[in-house]
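Read through the structure below, which is laid out as structure tokens, and then see the notes.
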Amino acid sequence: MTYTSDEMMTVTAARVLRDGMTCFVGIGLPSEAANLARATHAPNLVLIYESGTIGAKPGTLPLSIGDGILAQTADSVVSVPEIFNYWLQPGRIDVGFLGAAQLDRFGNINTTVIGGNYADPKVRLPGAGGAPEIAAACREVIVVLRQSRRTFVDQVDFITSVGFGDGPGTRQRLGLTGAGPQRVITDLGVLQPDPATCELVLTGIYPGGIIAEIKERTGWDLRVSADLTEIAPPTDHELEVLRGLLATMPAAQPASEVAQAPQGATR
48 MTYTSDEMMT VTAARVLRDG MTCFVGIGLP SEAANLARAT HAPNLVLIYE SGTIGAKPGT
108 LPLSIGDGIL AQTADSVVSV PEIFNYWLQP GRIDVGFLGA AQLDRFGNIN TTVIGGNYAD
168 PKVRLPGAGG APEIAAACRE VIVVLRQSRR TFVDQVDFIT SVGFGDGPGT RQRLGLTGAG
228 PQRVITDLGV LQPDPATCEL VLTGIYPGGI IAEIKERTGW DLRVSADLTE IAPPTDHELE
288 VLRGLLATMP AAQPASEVAQ APQGATR
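So for the sequence shown, our numbering puts the first residue at 48; every next one is plus one.
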């Protein structure tokens, strides 16, 4: 089967999720990836949405974190403060998905303002929501977004959610308990932090990908891993399941076009 760059990105994100994991899920591509994983290789993946649903098993892709299908199919529904105070902050969630308006070489995320300063920006964005706490406390974070020089910048205009700050030691100094962004999955490939410098490095490329193009669409001098791997294309089964999930969405708003705001930034 032929496939799109968004399908490649979604399948790649889904493959990272292991059976039995607890996963803090957002709407859009992260929701597609998490539900694809649960419908294929990770049937015991525990989906947690910010609205308070734990163990949701939606048969269709939810339209928002407040979609009734999440509560109807969940193992439990708790309050939003309990999700954050009992599940997230103590480190009980294995992986959290985040999006970004800007991402820099150290995995810091901006979803607050673009240009100017906080009081007088060129563009004011939806804001933080629960993203800073997800970035701080999840055992690991996966960032999913399309790659361009507009989104992949040398230094974000505002740090909404801390990745690795200005390099090694930042998370420890700030008392952040999670491991931070361990993968950035884009429509061009996969970036991961260098263990020594914490700078994001290209570690995976899709079939037919061109390193020069990926570097051109990055706002810093992107390093390429010596162990760069080619990521396997989606299987026919993965595509069939993903497209089946997407078919459940209203025609006017397919999940791939839902804004990839960070967790909690939209209601």
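Positions of the beta carbon are idealized from the N, C-alpha and C atoms, including for glycine.
It should be emphasised that the depicted structure is a prediction, and the values quoted were computed from it without experimental measurement.
Bridge partners - Q149, DSSP secondary structure assignment
Beta-bridge partners of Q149 (DSSP): N157.
Quick one: grab the DSSP three-state call for F71.
Correct three-state label for F71: strand.
Return helix, strand or coil for R171, following the three-state DSSP convention.
Of the three classes helix, strand and coil, the one that applies to R171 here is strand, per DSSP.
Beta-carbon of G227 versus every beta-carbon of chain D: anything under 8 Å?
Structure shown: chain D not included; a single protein chain is present.
Just the Cα atoms here: how many angstroms apart are T265 and D241?
Each residue's Cα considered, the two are about 17 Å apart.
Would L145 pass as a contact of S98 if the rule is Cβ separation under 8 Å?
Here L145 is not near S98, since their CB atoms are 8 Å or more apart.
Reducing DSSP to helix, strand and coil, say where T217 ends up.
Helix.
Residue span of the alpha helix (DSSP H) that contains I95, given as start and end:
Unbroken run through I95 is the beta strand (DSSP E), 93–96; no alpha helix (DSSP H).
Endpoints, beta strand (DSSP E) assigned at P240:
The continuous beta strand (DSSP E) containing P240 extends over residues 236–240.
Beta-carbon proximity check, G212 vs R186, cutoff 8 Å
No, they are not a contact pair.
Give a yes or no on contact between the stretch 149–164 and the stretch 111–123, applying the rule of three or more CB pairs nearer than 8 Å.
Segments in contact, no.
Distance, Cα to Cα, G177 vs I232?
Their Cα atoms are separated by approximately 20 Å.
Alpha carbon to alpha carbon, how far is T244 from G214?
Whole-angstrom Cα-Cα distance: 6 Å.
In terms of alpha-carbon separation, which member of Y96, G227, T100 lies closest to V190?
Residue G227 is the option with its Cα nearest to V190.
Nearest to D167 by CA position, among L235, D204, Q119, Q219, is which residue?
Of the listed residues, the one whose Cα sits closest to D167 is D204.
Cut-off 7 Å between Cβ atoms - residues of its own chain near A103, not counting five sequence neighbours on either side:
Contacts found: L94, Y96, L117, T120, A121.
Can you confirm whether the stretch 249–268 touches the stretch 281–300 when touching is taken to mean that 3 or more C-beta pairs between the two stretches lie within less than 8 Å?
No contact exists between the stretch 281–300 and the stretch 249–268.
Please list the terminal residues of the continuous alpha helix (DSSP H) segment that includes R62.
In the DSSP assignment, R62 falls within the unbroken alpha helix (DSSP H) covering 52–63.
Residues that F144 bridges to, as DSSP identifies them:
In the DSSP assignment, F144 forms a beta bridge with I189.
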